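For what it's worth, this note's numbering labels the leading residue of the sequence shown as 1, then goes sequentially.
Even for Gly, the Cβ is constructed at its ideal location relative to N, Cα and C.
Just so we're clear, the structure is a prediction, and the values are computed from it rather than from any experiment.
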Amino acid sequence: MKKSEKTRQLIVEKAASLFNQKGYAGTSIQDLMVATGLTKGGIYGNFKKEAGGKKSVKEEIAKAAFEHAVGMVMKEVQKRTFVIENSLDKLKAVVYFYKERVMSLPVEGGCPIMNTSIDADDTQPALRKKVVTAVEYWRERIIKTLERGKQKGEIKEDVNSEGFATLFIGTLEGGILMSRILKDNHHFDVMADQLILRIDELKK
Numbered sequence: 001m002k003k004s005e006k007t008r009q010l011i012v013e014k015a016a017s018l019f020n021q022k023g024y025a026g027t028s029i030q031d032l033m034v035a036t037g038l039t040k041g042g043i044y045g046n047f048k049k050e051a052g053g054k055k056s057v058k059e060e061i062a063k064a065a066f067e068h069a070v071g072m073v074m075k076e077v078q079k080r081t082f083v084i085e086n087s088l089d090k091l092k093a094v095v096y097f098y099k100e101r102v103m104s105l106p107v108e109g110g111c112p113i114m115n116t117s118i119d120a121d122d123t124q125p126a127l128r129k130k131v132v133t134a135v136e137y138w139r140e141r142i143i144k145t146l147e148r149g150k151q152k153g154e155i156k157e158d159v160n161s162e163g164f165a166t167l168f169i170g171t172l173e174g175g176i177l178m179s180r181i182l183k184d185n186h187h188f189d190v191m192a193d194q195l196i197l198r199i200d201e202l203k204k
């Protein structure tokens with residue numbers, strides 16, 4: 001990896017934690033300078049090309065940081081699901097991952113999809129677009145898992161895969177929100193247990 005690539009990676013890694021904890025408005029270039037030990041020029045220099053100017057550098061860093069944060073979570077989830085053959089067990093493994101890590105996800109600050117969706121809803125359309133892409137990708141993975149399960153005879157053929165994918169993500173994210181607001185994992189566990197029951201109902 002070239003020095004410039006290492007520097008960019010350092011910025012993205014530090015920014016992922018900062019933006020996920022403090023939000024877009026709450027994170028300044030000064031915060032990034034302190035976290036990375038780089039000068040303002042060193043930070044701008046790694047992102048100004050795609051930003052097209054200094055005003056957009058922070059936004060470009062935020063987008064790259066969000067992708068990195070989501071990637072960290074997905075990597076951990078995929079480690080668990082990759083070795084599982086049964087489609088329903090794959091879905092359960094995702095639920096169990098969040099049950100174990102709901103308060104200690106791989107990136108500091110909690111779920112990057114939830115945090116960024118709230119943070120960028122109407123104020124940062126480019127960043128919000130990244131969130132939409134991440135959710136759509138997650139949803140498509142669930143749909144594919146369900147459809148594969150139908151083909152293998154593991155899941156009932158009349159299951160609405162698209163509808164269940166929405167329910168799956170909504171239940172997990174809702175559970176995360178409740179647990180973080182009330183500072184108690186119990187609320188996530190309640191919703192996760194209900195989701196496991198719904199997954200069991202899909203069995204052929």
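Judged by DSSP in its simplified three-state form, residue 99 adopts helix.
Per DSSP, the beta-bridge partners of residue 203 are 155.
Here the alpha carbons of residue 44 and residue 56 stand approximately 10 Å from one another.
When 8, 88, 14 and 166 are compared, the shortest CA-CA separation from residue 41 is found for 8. By the 16-neighbour rule on beta-carbons within 10 angstroms, residue 102 is buried.
CA-to-CA, the gap between residue 198 and residue 77 works out to about 20 Å. Residue state for residue 41 is assigned as helix, using DSSP reduced to three classes. Below 8 Å, too few C-beta pairs join the stretch 26-39 and the stretch 73-93 to call them touching: fewer than three. For the 8 Å CB-CB criterion, residue 63 and residue 146 do not form a contact.
Take the alpha-carbon of residue 73 and the one of residue 97: they are about 10 Å apart.
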